[in-house]
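Q: Take the first sequence: its letter number 210 is residue 269 in this note's numbering, and every next letter is one higher.
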Amino acid sequence: MPEIAEIRIMSDFINREVRSRVYYSIRKSFISKVITPMNLTFEYFTIKSECRGKELKLILTCKATGDKKSLICNMGMSGNWEVTQKDHEPKHMHLMFDSMDNTILGLVDTRRFAKWRWGDWNYGRGPDPIMDHDNFLNNIWNNIEDKAFEKPICEILMNQAYFNGLGNYLRAEVLFRANQNPFQIAKDAINDNPAILELCKIIPIEAYQMGGGQLKDWDNPFELEADTFNEWIKCYGRKDMLSVVDKTGRKLWFDSKWKSNCIYDF
DNA sequence: CGTCCACGTCTAC
DNA sequence: TAGACCTGGACGG
Numbered sequence: 060m061p062e063i064a065e066i067r068i069m070s071d072f073i074n075r076e077v078r079s080r081v082y083y084s085i086r087k088s089f090i091s092k093v094i095t096p097m098n099l100t101f102e103y104f105t106i107k108s109e110c111r112g113k114e115l116k117l118i119l120t121c122k123a124t125g126d127k128k129s130l131i132c133n134m135g136m137s138g139n140w141e142v143t144q145k146d147h148e149p150k151h152m153h154l155m156f157d158s159m160d161n162t163i164l165g166l167v168d169t170r171r172f173a174k175w176r177w178g179d180w181n182y183g184r185g186p187d188p189i190m191d192h193d194n195f196l197n198n199i200w201n202n203i204e205d206k207a208f209e210k211p212i213c214e215i216l217m218n219q220a221y222f223n224g225l226g227n228y229l230r231a232e233v234l235f236r237a238n239q240n241p242f243q244i245a246k247d248a249i250n251d252n253p254a255i256l257e258l259c260k261i262i263p264i265e266a267y268q269m270g271g272g273q274l275k276d277w278d279n280p281f282e283l284e285a286d287t288f289n290e291w292i293k294c295y296g297r298k299d300m301l302s303v304v305d306k307t308g309r310k311l312w313f314d315s316k317w318k319s320n321c322i323y324d325f
């Protein structure tokens, strides 16, 4: 489910929901295997959300002292946020924030790949390609001689040290919209076709404005038609495109015009 | 019923 | 560079 567009939508959703609420407790489900201790000394606290690439940061502020603690959340494959009534937690809600108004802000995650920890951003991941685009570009141009850029462009677009927030559907859409041979060596591809880097901002913004990708039961802040995303997506998962398993084991979707360039076995 | 597949990391041979 | 980690939906017999 979540790549950078969906993470931003989740962050917006959280900020809208928590704006007028005060929280008093954090819990995790009994089944959760996340070992992060959930004890919090704040008696009452407010919440604010930020995002950076595929990471989400919940900043908790103590009502009494103004002290802050940050929880960094990675949403895995199926993580999403919901607000429900107390004692009506849906199945697969594994992290819960209890509010004084008897609602719960919770992380719902069927596959339980989502993780959370106290602390700051993982700076091993690159700058946000949308909100911090200049640093995103600098990080790439300053490291263009890195061995990572000797790999095919389709592979490095999944490398979170440089493309924090891109995932399997966004890389397919970026490459397609850039009219880019997915198998060209990344350094050459970026030098020949720097529009790729602009599309790493433009495409996620479009996906964000569409309300995100393939999300079922999403509380869409834009109130768009349900199939808007399916009309927008031009490559990923489409019958008129080719797919092949790449070196990292992920399925790469690409325009059949590049078939003769393909370096992976069909 | 069974098998395959999924928008992502992690760690361990 | 395979697997491990997970659940459930789609699809086939």
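Every residue, glycine too, gets a C-beta built ideally from N, C-alpha and C.
Since this is a predicted model, take the numbers as computed values, not measurements.
Do you know offhand how far Phe156's Cα is from Met134's?
A: To locate residue 156, count along the first sequence from 1; it is residue 97. To locate residue 134, count along the first sequence from 1; it is residue 75. Their backbone Cα atoms lie some 16 Å apart in a straight line.
Q: For Gly138 versus Met152, is the C-beta spacing smaller than 8 Å?
A: Within the first sequence, numbered from 1, the residue matching residue 138 stands at position 79. Within the first sequence, numbered from 1, the residue matching residue 152 stands at position 93. Cβ atoms of Gly138 and Met152: not closer than 8 Å.
Q: Helix, strand or coil for Cys213 per DSSP?
A: The count along the first sequence starts at 1 and reaches residue 213 at position 154. Cys213: helix per DSSP, three-state reduction.
Q: For Gln219 and Ile68, what's the separation of their Cα atoms in angstroms?
A: Within the first sequence, residue 219 is the residue found at index 160, counting from 1. Within the first sequence, residue 68 is the residue found at index 9, counting from 1. Approximately 19 Å, taken between the alpha carbons.
Q: Using three-state DSSP, classify Ser70 as helix, strand or coil.
A: Locating residue 70 in the first sequence gives position 11, where the first residue counts as 1. Ser70 falls in the helix class under three-state DSSP.
Q: In terms of DSSP beta bridges, what is Phe156 paired with?
A: Your numbering for residue 156 matches position 97 in the first sequence. DSSP lists Ile85, Leu164 as partners of Phe156.
Q: Taking 8 Å as the cut-off, decide whether the C-beta atoms of Asn161 and Lys150 are in contact.
A: Counted from its first residue, the first sequence places residue 161 at position 102. Counted from its first residue, the first sequence places residue 150 at position 91. The answer is no: Cβ separation not under 8 Å.
Q: Please report the distance separating the alpha-carbon of Glu65 from that of Trp180.
A: To locate residue 65, count along the first sequence from 1; it is residue 6. To locate residue 180, count along the first sequence from 1; it is residue 121. The straight-line gap from Cα to Cα measures roughly 18 Å.
Q: I'd like the list of long-range same chain contacts for Ser302, defined as Cβ closer than 6 Å, with 5 residues on each side in sequence excluded.
A: The residue you call residue 302 lines up with position 243 of the first sequence. The answer, listed in chain order, is Lys310, Trp312.
Q: Where does Trp177 fall in DSSP's three states?
A: Start at 1 with the first residue of the first sequence, and residue 177 comes out as number 118. If DSSP states are grouped into helix, strand and coil, Trp177 belongs with the strands.
Q: Can you tell me where the alpha helix (DSSP H) holding Val233 begins and where it ends?
A: Here residue 233 corresponds to residue number 174 of the first sequence, with the count starting at 1. Residues 227 to 236.
Q: Does the contact criterion of 3 or more C-beta pairs under 8 Å hold for the stretch 72 to 88 versus the stretch 182 to 193?
A: Flag = no, the stretch 72 to 88 and the stretch 182 to 193 do not touch.
Q: With DSSP as the reference, identify every bridge partner of Phe313, one or two as the case may be.
A: Taking the first residue of the first sequence as position 1, residue 313 is located at position 254. Partner(s): Leu301.
Q: With respect to the alpha helix (DSSP H) encompassing Cys132, which residues constitute its N-terminal and C-terminal limits?
A: Against the first sequence, residue 132 aligns to sequence position 73. Careful: Cys132 lies outside any alpha helix (DSSP H), inside the beta strand (DSSP E) at 127 to 133.
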